[in-house]
Amino acid sequence: MVITSITADKRFPRRLVGAAALDVSIYEEVEADRGATAQALTVVVLSSLAAGLGARGFGGGDVAGGIAFFSAVALATWAAWALLTYEIGVRILPEPQTRADVGELLRTTGFASAPGVLRVFGVLPWMTVPVFAVTAMWMLAAMIVGVRQALDYTSTRRAVAVCVLGWVLAIIFAGVVGFFFGPRVS
Numbered sequence: 466m467v468i469t470s471i472t473a474d475k476r477f478p479r480r481l482v483g484a485a486a487l488d489v490s491i492y493e494e495v496e497a498d499r500g501a502t503a504q505a506l507t508v509v510v511l512s513s514l515a516a517g518l519g520a521r522g523f524g525g526g527d528v529a530g531g532i533a534f535f536s537a538v539a540l541a542t543w544a545a546w547a548l549l550t551y552e553i554g555v556r557i558l559p560e561p562q563t564r565a566d567v568g569e570l571l572r573t574t575g576f577a578s579a580p581g582v583l584r585v586f587g588v589l590p591w592m593t594v595p596v597f598a599v600t601a602m603w604m605l606a607a608m609i610v611g612v613r614q615a616l617d618y619t620s621t622r623r624a625v626a627v628c629v630l631g632w633v634l635a636i637i638f639a640g641v642v643g644f645f646f647g648p649r650v651s
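Residue numbers for the sequence shown follow the numbering used here, beginning at 466 and rising by one.
Set out below in structure tokens:
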């Protein structure tokens with residue numbers, strides 16, 4: 466089973482913690498390690514499931530449906546953010562030395578969702594908003610580090626611009642999906 470082999474890899478927990486700690490060397494490591502793609506996907510799935518579980522703190526009726534819906538929206542939002550970041554970073558705001566490899570960017574942005582695993586603590590109603598706000602900002606910071614490394618930027622400001630623009634567009638996407646298709650929350 467893939468998950469078993471991923472979690473059995475002793476580098477995975479170190480990478481997960483290092484990515485959350487914004488350790489540039491971890492982002493360089495996963496960028497270069499083609500074998501880390503499954504690990505990055507695992508981080509994104511864990512983060513999305515944590516969002517679905519944590520969103521229970523917002524209230525609502527159907528527990529299983531709500532968890533599934535919010536998990537799916539979190540996953541789709543990450544995918545939109547990663548795609549937008551790639552397009553903006555490579556086509557609109559590249560630096561002269563930017564060499565884009567989709568796999569490298571997916572690995573670094575996948576690990577950038579490591580702080581999102583903490584969204585599971587949003588299940589406590591009095592913690593939901595603070596947990597989601599803090600993890601959103603933390604994931605944005607992690608994304609900036611990951612994008613800077615994956616796109617070989619020398620300017621952190623450029624990475625900030627790329628990530629914030631992609632983030633805003635991805636949040637709009639999530640808001641539209643949630644508004645039209647989401648469960649009603651109290």
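Ideal placement from N, C-alpha and C gives every residue a C-beta, glycine not left out.
Quick caveat: nothing in here was measured; it's all calculated off a predicted structure.
Tell me the DSSP secondary structure of PRO478 in three-state form. Three-state DSSP puts PRO478 in a helix.
What residue range does the alpha helix (DSSP H) around TRP591 cover? Boundaries for TRP591: no alpha helix (DSSP H) harbours it, and the DSSP string shows neither H nor E there.
The stretch 619-637 contacting the stretch 544-563, beta-carbon criterion three pairs below 8 angstroms: The stretch 619-637 makes contact with the stretch 544-563, as at least three CB pairs between them are under 8 angstroms.
Starting from THR542, follow the alpha helix (DSSP H) in both directions and report where the run begins and ends. For THR542, the enclosing alpha helix (DSSP H) has its first and last residue at 528-552.
So, under 8 angstroms CB-CB, GLU560 and TYR492 are touching, yes? Tell me the CB distance rounded to an integer number of Å. About 17 angstroms separates the CB atoms of GLU560 and TYR492; that is not less than 8 angstroms, and the two are not in contact.
Starting from ALA491 and walking both ways along the alpha helix (DSSP H), at which residues does that stretch end? Sequence inspection shows Ile at residue 491; the Ala mentioned does not correspond to that position. Counting along the chain, the alpha helix (DSSP H) containing ILE491 begins and ends at 489-497.
Using three-state DSSP, classify PRO580 as helix, strand or coil. PRO580: helix per DSSP, three-state reduction.
Residue span of the alpha helix (DSSP H) that contains SER512, given as start and end: In the DSSP annotation of this structure, the continuous segment of the alpha helix (DSSP H) that includes SER512 starts and ends at 502-519.
When the Cβ atoms of the stretch 511-527 are set against those of the stretch 607-618, are three or more pairs found closer than 8 angstroms? Taking a cut-off of 8 angstroms for Cβ pairs, the stretch 511-527 and the stretch 607-618 do not touch, as fewer than three such pairs fall below it.
What separation, rounded to the nearest whole angstrom, lies between the Cα atoms of ALA533 and GLY517? The alpha-carbon atoms of ALA533 and GLY517 are separated by roughly 6 angstroms.
In the DSSP assignment, find the alpha helix (DSSP H) that holds ARG564 and state where it starts and stops. Unbroken run through ARG564: none, as it is neither H nor E.
What is the C-beta distance between THR574 and GLN614, in whole angstroms, given that I count them as a contact (C-beta under 8 angstroms)? Incorrect: roughly 10 angstroms between the Cβ atoms, too far for contact.
So, at 8 angstroms on beta carbons, what are the nonlocal neighbours of GLN562 in its own chain, with the 5 sequence-adjacent residues on each side left out? Correct list, in chain order: ASP617, THR619.
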